[in-house]
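What follows is a short report on a single structure.
In our numbering, the protein residues as written are 2 to 171.
Okay, structure coming up:
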């Protein structure tokens, strides 16, 4: 009964937060969802909303913390792992991003976006062969994924450049 009462009390802040979101008021989203979290800290959706507002404001550390809390509340949450991985990647934490993307791909079938994002991590590490393998998977699941097509062409050019350099060095 207590959690239902908390949920009802948190709804006023959720409505205000949703209204702020529609207006593009990130501060209002953060303020209202923070209040909703104080009242009902077990609701994943509140962390998602606040985390996205932090991301939009470029407060990547705070966004990562919100999606990490969502994962703490539900470790099987593929969405939270995917978003946190993208945030880690944006912050330059390639190893942590790879861990989240690997989790998503282990738990889902043919998720083109996750393959594409993992490929970007491999590119960051200059592992173009692995990047191409992931891009092939992404394109198998979404043949029109423009960014995957562009990155695949770029990776192939990097491998071709490396091949030519190797031949010159011989």
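Each residue gets a CB set at the ideal place from its N, CA and C atoms; glycine is no exception.
Problem - residue 8 to residue 133 span [Cα, whole Å] - result: 46 Å
Handout entry: Run of the alpha helix (DSSP H) containing residue 57, from where it starts to where it stops
Key = 45–57
Practice task
Determine the burial state of residue 23: buried for a count of at least 16 other Cβ atoms within 10 Å of its Cβ, exposed for fewer.
Solution key: exposed
Practice task
Would you mind stating whether residue 154 and residue 135 have Cβ atoms separated by less than 8 Å?
Solution key: No, these two residues do not count as a Cβ contact at 8 Å.
Practice task
May I ask you to verify whether the region 77–87 touches the region 108–115, counting CB pairs closer than 8 Å and requiring at least 3?
Solution key: yes
Exercise for the section: May I ask you to report which of helix, strand or coil DSSP gives residue 33? Expected result: helix
Handout entry: Proximity below 8 Å, CB of residue 27 to CB of residue 57
Key = yes
Practice task
Go ahead and pull the three-state DSSP assignment for residue 162.
Solution key: helix
Practice task
Determine the contact status of residue 71 and residue 45, defining contact as a CB-CB distance below 8 Å.
Solution key: yes
Handout entry: Host alpha helix (DSSP H) of residue 86 (start-end)
Key = Where residue 86 is concerned, the enclosing alpha helix (DSSP H) starts and stops at 79–92.
Handout entry: Alpha-carbon to alpha-carbon, residue 141 and residue 66
Key = 33 Å
Handout entry: For residue 54 and residue 31, believed in contact at Cβ under 8 Å, the rounded distance
Key = Sure, about 5 Å apart at Cβ, within 8 Å.
Practice task
In the DSSP assignment, find the unbroken alpha helix (DSSP H) run with residue 102 in it and report its ends.
Solution key: 95–108
Exercise for the section: Starting from the C-beta of residue 156, find all residues in its chain whose C-beta is less than 6 Å away, skip the five residues before and the five after it, and write them out in chain order. Expected result: Within its own chain, the residues whose Cβ lies closer than 6 Å to the Cβ of residue 156, once the five positions on either side in sequence are excluded, are 129, 132, 133, listed in chain order.
Practice task
Starting from the C-beta of residue 37, find all residues in its chain whose C-beta is less than 6 Å away, skip the five residues before and the five after it, and write them out in chain order.
Solution key: 11, 14, 15, 47
Practice task
Measuring alpha carbon to alpha carbon, tell me which of 34, 20, 19, 42 ends up nearest residue 6.
Solution key: 42
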